[in-house]
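Numbering (my numbering), first residue to last: 5 to 177.
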């Protein structure tokens, strides 16, 4: 076999694999009922006891948002949500929050995970770190202040890409 034929075969196989992955993702989304409104509630009792009032401490706080940004990159959230919050995981930059856009709901999604691919981070991250991640994700939809310059590393490090919230975005609520 020639090198040209092998290269063409590899490209065809890779293209077919990508197409099948996209179709599979579409089928999963359709089976889950498509897009959910922000009124979607998590199961009763799934929210940690401290989640009810803690969101206001973290939301719009530059230090917590910066820590959330570090965690977002270091825990490879960009692997699904990509830079700027879009990707194969639900994007943060549109007006459709599949499981609620309040910081407490974002916390619950990160803490407990979601069907269809979002892992639960409880037990892997401390509760405060999950709140910081939620504050960073929430900052994608608001004009929350973001600190300039480098930030201090967090304890856990696994690499990742830089992701900046869209600071020009209007709040949805």
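Here a beta-carbon is modelled for each residue, glycine too, at the ideal position from N, C-alpha and C.
No experiment lies behind these values; they were computed from the predicted model shown.
> According to DSSP, which residues form a beta bridge with residue 126?
Replying inline: Residue 126 is bridged to 129.
> residue 58 and residue 140: beta carbons closer than 7 Å?
Replying inline: Taking 7 Å as the Cβ cut-off, residue 58 and residue 140 do not qualify as a contacting pair.
> Among residues of its own chain, excluding the 5 on either side of residue 137, which ones have a beta-carbon nearer than 7 Å to its beta-carbon?
Replying inline: So the qualifying residues of the chain are 72, 75, 76, 114.
> So residue 66 is in the alpha helix (DSSP H); what residue range does that whole segment cover?
Replying inline: Looking at the DSSP string, the run of the alpha helix (DSSP H) that includes residue 66 is 66-78.
> Exposed or buried, what is residue 4 when buried is set at 16 or more other beta-carbons lying within 10 Å of its beta-carbon?
Replying inline: Lying outside 5 to 177, the shown extent of the chain, residue 4 is not represented and no answer is given.
> What's the C-alpha gap between residue 102 and residue 8?
Replying inline: Rounded to the nearest angstrom, the gap between the Cα atoms of residue 102 and residue 8 is 45 Å.
> Any idea what DSSP makes of residue 12, helix, strand or coil?
Replying inline: Assignment of residue 12 by DSSP, reduced to helix, strand and coil, places it in the helix class.
> Can you name the start and end residues of the alpha helix (DSSP H) that residue 63 belongs to?
Replying inline: For residue 63, there is no enclosing alpha helix (DSSP H), as DSSP marks it with neither H nor E.
>> Using a Cβ-Cβ cutoff of less than 6 Å, which residues in the same chain neighbour residue 4 once the five nearest sequence positions on both sides are dropped?
In response: Lying before the first or after the last residue shown, residue 4 is absent from the chain, which here runs from 5 to 177.
> Per DSSP, residue 216 is paired with what?
Replying inline: Nothing about residue 216 can be reported from this structure: the residues present for the chain run from 5 to 177 only.
> Do residue 86 and residue 144 have their C-beta atoms within less than 7 Å of each other?
Replying inline: Contact check for residue 86 against residue 144 fails: the beta carbons are separated by 7 Å or more.
> Can you name the start and end residues of the alpha helix (DSSP H) that residue 83 belongs to?
Replying inline: That run of the alpha helix (DSSP H) goes 82-85.
> By Cβ distance, which residues of its chain are closer than 6 Å to residue 18, with the 5 residues on each side in sequence left out?
Replying inline: Excluding sequence neighbours, residue 18 sits near nothing in its chain.
> Which whole-angstrom value describes the C-beta separation of residue 62 and residue 110, a residue pair presumed to lie in contact below a C-beta threshold of 8 Å?
Replying inline: Residue 110 and residue 62 do not touch by the CB rule: their CB atoms are close to 10 Å apart, not below 8 Å.
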